[in-house]
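Take a look at the structure below.
Residue numbers (the numbering used here): 431 to 797.
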């Protein structure tokens with residue numbers, strides 16, 4: 431493990447997932463902290479687990495670095511820390527070394543991703559405090575979709591101060607970038623000219639990829655829009671949202687749309703596709719049918735954005751593992767003809783490590 435170089439960090443509100451990659455982009459170790467803010471746990475690899483108090487992200491990362499040291503890897507010998515950052519706003523459209531200016535831009539995007547960016551910043555600051563001088567890099571989930579044309583990104587709203595930064599950003603970009611980068615190696619086939627990519631998991635989206643670039647995607651200003659998801663509503667009329675806000679209040683409406691909707695809301699049972707598949711409840715089957723229907727329906731808009739289709743690729747936990755969902759979607763898209771289809775394992779963490787190593791080699795850091 432002496433050549434392990436880059437620590438990929440994905441910080442959430444109560445957990446931090448890290449994976450160590452060597453110079454050849456092989457994962458060599460995984461360490462996860464859970465229960466931040468309470469009596470937490472550190473899990474090393476697939477087995478060893480330690481219970482300890484984790485009051486904040488700095489304590490959690492200190493425990494992760496201690497676990498690295500116990501595995502024979504001193505944090506100061508790492509080449510870099512590479513962070514997943516959900517939102518880069520309109521300005522951060524490529525992976526970048528984290529400088530004071532980049533950190534400020536990530537902070538400026540907090541209003542666009544209040545549930546995510548603050549925790550990424552906490553992890554960035556914690557690494558800086560724990561291992562001063564360690565180069566840090568960020569890969570943005572929104573960046574891959576910066577190639578969408580203006581007509582795809584702009585909402586039909588007036589250009590006034592209140593609508594500043596209101597646009598379709600799109601998400602899951604790191605997953606789609608990884609899919610594009612590894613497509614030929616995984617499939618043995620050149621990347622199709624027009625590829626419909628489906629990232630299906632608890633969060634789900636579609637992406638129209640033409641010549642390796644995103645030209646349309648189903649998520650928009652937030653990860654709430656688009657497809658039916660585990661607990662998120664997906665496609666919903668803005669008028670219905672306003673009605674919920676007027677009826678329930680903003681906080682309760684927000685909670686419903688993000689936490690109580692989607693597969694969970696439709697089934698009244700679970701947000702987990704495996705649980706729904708095993709259930710005999712009509713509501714559970716309806717939730718699965720709803721999920722597939724809206725994938726197929728919105729796939730038509732992605733095909734229109736590409737002006738045709740040459741291939742379909744499934745990725746993400748559901749996309750990779752639920753054959754019944756794939757077959758349902760493909761049956762509804764049979765009108766497209768005989769389109770080549772692939773299942774490609776998600777590789778977001780490897781993509782984040784690749785971005786950092788590329789920037790280290792090229793010294794192409796953003797200012």
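All C-beta atoms, glycine included, are put in the ideal place defined by N, C-alpha and C.
Any idea what DSSP makes of residue i, helix, strand or coil?
i, result
"residue 440", "strand"
"residue 692", "helix"
"residue 542", "helix"
"residue 504", "coil"
"residue 555", "helix"
"residue 451", "strand"
"residue 707", "helix"
"residue 484", "strand"
"residue 498", "helix"
"residue 718", "helix"
"residue 515", "strand"
"residue 568", "strand"
"residue 783", "helix"
"residue 673", "helix"
"residue 470", "strand"
"residue 627", "strand"
"residue 634", "strand"
"residue 614", "helix"
"residue 479", "strand"
"residue 520", "coil"
"residue 680", "helix"
"residue 537", "helix"
"residue 654", "coil"
Taking the alpha carbon of residue i as the reference point, which residue from the options has its own alpha carbon closest?
i, options, result
"residue 776", "653, 684, 602 and 724", "602"
"residue 633", "709, 664, 566 and 614", "664"
"residue 531", "459, 551 and 655", "551"
"residue 448", "455, 576 and 460", "460"
"residue 500", "711, 474 and 483", "474"
"residue 467", "736, 549 and 677", "549"
"residue 684", "472, 545 and 565", "545"
"residue 493", "510, 465 and 606", "465"
"residue 463", "723, 498 and 717", "498"
"residue 559", "690, 443, 495 and 667", "495"
"residue 568", "547, 528 and 792", "528"
"residue 712", "722, 724, 504 and 698", "698"
"residue 442", "479, 645, 453 and 547", "547"
"residue 645", "510, 625, 524 and 480", "625"
"residue 511", "491, 524 and 672", "491"
"residue 662", "476, 760, 700 and 592", "700"
"residue 760", "481, 593, 687 and 725", "725"
"residue 782", "608, 595 and 687", "608"
Which term fits residue i, buried or exposed, when burial requires 16 or more other beta carbons within 10 angstroms of its beta carbon?
i, result
"residue 619", "exposed"
"residue 585", "exposed"
"residue 778", "buried"
"residue 813", "The shown model of the chain, from 431 to 797, leaves out residue 813, and the question about it has no answer."
"residue 431", "Residue confidence for residue 431 is low, a pLDDT of 38 falling below 50, so the modelled location carries little weight; the figure read from the coordinates is stated next. Residue 431 comes out exposed."
"residue 798", "In the structure as shown, the chain begins at 431 and stops at 797. Residue 798 is therefore absent and cannot be evaluated."
"residue 763", "buried"
"residue 614", "exposed"
"residue 470", "buried"
"residue 648", "buried"
"residue 513", "buried"
"residue 504", "exposed"
"residue 714", "buried"
"residue 765", "exposed"
"residue 379", "The requested residue 379 is not part of the displayed model; the chain covers only 431 to 797."
"residue 622", "buried"
"residue 590", "exposed"
"residue 521", "exposed"
"residue 756", "buried"
"residue 440", "buried"
"residue 785", "buried"
"residue 789", "buried"
"residue 692", "buried"
On the DSSP bridge list, what partners appear for residue i?
i, result
"residue 446", "441 and 463"
"residue 643", "640"
"residue 724", "According to DSSP, residue 724 bridges with nothing at all."
"residue 510", "436"
"residue 772", "743"
"residue 584", "597"
"residue 665", "Its beta-bridge partners do not exist; DSSP assigns none."
"residue 750", "According to DSSP, which records beta bridges pairwise, residue 750 is partnered with nothing at all."
"residue 526", "568"
"residue 457", "451"
### Message
Is it the case that the segment 620-638 contacts the segment 550-563, given that we only count it when at least three CB pairs across the two stretches are under 8 Å?
### Response
no
### Task
Spell out a yes or no on whether the segment 643-659 and the segment 765-775 are touching, meaning 3 or more CB-CB pairs, one atom from each, closer than 8 Å.
no
### Task
Spell out a yes or no on whether the segment 567-579 and the segment 513-530 are touching, meaning 3 or more CB-CB pairs, one atom from each, closer than 8 Å.
yes
### Query
Would the segment 730-747 and the segment 638-651 be scored as touching if the rule is three or more Cβ pairs under 8 Å?
yes
### Task
Indicate whether the contact test is met: 3 or more Cβ pairs, each with one atom in the segment 733-751 and one in the segment 583-600, closer than 8 Å.
no
### Message
Could you check whether the segment 527-544 touches the segment 485-503, counting it as contact only if at least three pairs of C-beta atoms, one from each stretch, sit closer than 8 Å?
### Response
no
### Message
Whether or not the segment 698-715 and the segment 752-759 are in contact is what I'm after, with contact meaning three or more pairs of Cβ atoms, one per stretch, closer than 8 Å; do they touch?
### Response
yes
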